[in-house]
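Protein chains: 2
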Amino acid sequence: MSTRENLITQAALLLDKGGDAAVTLRAVAHAVGVSHNAPYRHFKDRNALLAAIAERDFRMLALAFEGTRLGDAEPIQRLKEALGLFIQYGRDYPARYRLLFSDPGIGAAGGSLEAAALKAFTAFAGLVEDAQSTGALPPTPTRELAGLIYATAHGLVDLQAGGRMREQKGLSAAEQGVALLLLLLGAS
Amino acid sequence: MSTRENLITQAALLLDKGGDAAVTLRAVAHAVGVSHNAPYRHFKDRNALLAAIAERDFRMLALAFEGTRLGDAEPIQRLKEALGLFIQYGRDYPARYRLLFSDPGIGAAGGSLEAAALKAFTAFAGLVEDAQSTGALPPTPTRELAGLIYATAHGLVDLQAGGRMREQKGLSAAEQGVALLLLLLGAS
DNA sequence: ACCTGAACACCGTTCAAGT
DNA sequence: ACCTGAACACCGTTCAAGT
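Encoded structure:
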């Protein structure tokens, strides 16, 4: 594995273990076994390293969604499966999730990162389209409906990852919120 | 105005102007006109100062929601009005919004901050309840339905604040997403 | 092409004093 | 009770060298 790949991997591990603040270039470099400024040979700055983590995970999510779409369950079930995956990802890797979906520095990155993010969303929209074709979801324009479900799932997961899922808010778990949305949208 | 109040105000202004990274205790202290470590006489650490900003704004949001509930428009219209306020707040003060609704350090704060956040949500749930009573929204348990709408609005605003509202995602504006949700939930 | 050590300008936080 | 100046242990980033 190249030094560049090693840097991304170790940075992701530090992110999982200690959150955004733990991902210092010095700690990443030390984990890889190079000097504290060797990362600058591979990334423009700290933000570029974070963007590389995000891009890698967006590609993974896109693959997961595309794989789910090929399953032989009912389309609406496949959509629920994908949403379950998404929620699980947010629960298992909250800091990573927030990097991909909430970090302002990452959202403005553009380029290949934005392309990867768009690819993940497009795969997700495909799942929504399939569910619409069986009448399990309303015939709203697919892009708008997929965007709404995507944003709702994101809102639920983000509140969960931020520790804001109090029982008092009627949101004991993100899964419950997504299930309620699909139920109200007409999927039984 | 007390030094403590001044510190909160200047910190909020720096947050609006330059984002989270611009809120250094040194910059805040300098803006108020005290030495770089005077803030420690009023706040335990940097996070406590940020929490004070968040608490102040949660109280403001609660008041705004409570005020909206007293209007004389149709209940569903009052709910839309409150959601419009919420979205506008997120658009005008994205960094502040992210502090209140996405920052992990703030979500785990507990105490009076959590009480203020809960009060804002409770006021919001009251608006949902009123809309349900006229049949404009389904008779789902209010807490769950309010939580779902809250999470959806949050997801839309957060994606917007993070620069992830691309036309390709079918989400040209948070308002549009919320309107679609209410439409699909049966509010015309 | 890739890496290193020294250096700079920042931080948050603590501490011993001052009034 | 509130504030200050000095100091410590960190950061990201740059630069002049080294192989």
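First to last, the sequence lines map onto chains Z and E. Counted from 1, the first sequence has number 187 at position 187 by the numbering used here; the numbering is strictly sequential. Take any residue in the second sequence, count from 1 to its spot, add 1000: that is its number in the numbering used here. Every residue gets a Cβ at the ideal spot worked out from N, C-alpha and C, and that includes glycine. If you're wondering where the values come from, they're calculated on a predicted model, not measured in any experiment.
- Straight across, the Cα-Cα distance linking residue 1065 of chain E with residue 1004 of chain E is about 27 Å.
- One Cα belongs to residue 1113 of chain E, the other to residue 1124 of chain E, and the distance between them is close to 17 Å.
- With fewer than 16 other beta carbons inside 10 angstroms of its own, residue 1021 of chain E counts as exposed.
- Rounded to the nearest angstrom, the gap between the Cα atoms of residue 1081 of chain E and residue 1161 of chain E is 20 Å.
- Residue 1050 of chain E is outside the set of residues whose beta carbon lies under 7 Å from a beta carbon in chain Z.
- Contact annotation: in the region 83-94 of chain Z, residues whose CB is within less than 9 Å of a CB in chain E are 94.
- Against chain Z, a Cβ distance below 8 Å from residue 1164 of chain E picks out 101, 107 and 117.
- By the criterion of a C-beta distance shorter than 6 Å, residue 157 of chain Z is surrounded in its chain by 87, 90 and 174, once the five residues flanking it on both sides are discounted.
- Taking a C-beta cut-off of 8 Å against chain Z, the contacting residues of the region 1144-1165 of chain E are 1144, 1145, 1146, 1147, 1148, 1150, 1151, 1152, 1153, 1154, 1155, 1156, 1158, 1159, 1161, 1162, 1163 and 1164, listed in chain order.
- At a cut-off of 7 Å between C-beta atoms, residue 1177 of chain E counts as an interface residue with respect to chain Z.
- Per DSSP, residue 44 of chain Z lies in no alpha helix (DSSP H) and is assigned neither H nor E.
- When secondary structure is reduced to three states using DSSP, residue 30 of chain Z falls in the helix class.
- Shown in chain order are the members of the region 5-24 of chain Z whose Cβ falls below 8 Å from a Cβ of chain E: 19.
- Within chain E, the C-beta atoms nearer than 9 Å to that of residue 104 of chain Z come from 1019, 1020, 1094, 1095, 1098, 1161, 1162 and 1163, in chain order.
- Taken atom to atom, the span from the alpha-carbon of residue 1032 of chain E to that of residue 1046 of chain E is near 15 Å.
- Fewer than three pairs of CB atoms, one per stretch, sit closer than 8 Å, so the region 1045-1059 of chain E makes no contact with the region 1068-1079 of chain E.
- Rounded to whole angstroms, the separation of the alpha carbons of residue 1104 of chain E and residue 15 of chain Z is 13 Å.
- Here residue 93 of chain Z carries a coil assignment [DSSP, helix/strand/coil].
- Residue 1177 of chain E places its beta carbon less than 7 Å from that of residue 148 of chain Z.
- Around the beta-carbon of residue 102 of chain Z, 16 or more other beta-carbon atoms lie within 10 Å, marking it buried.
- Residues of chain E with a Cβ closer than 9 Å to the Cβ of residue 180 of chain Z are, in chain order, 1140, 1144, 1145, 1147 and 1148.
- Counting only residues of its own chain and dropping the five nearest sequence neighbours on each side, residue 1134 of chain E has a CB closer than 6 Å to the CB of 1075.
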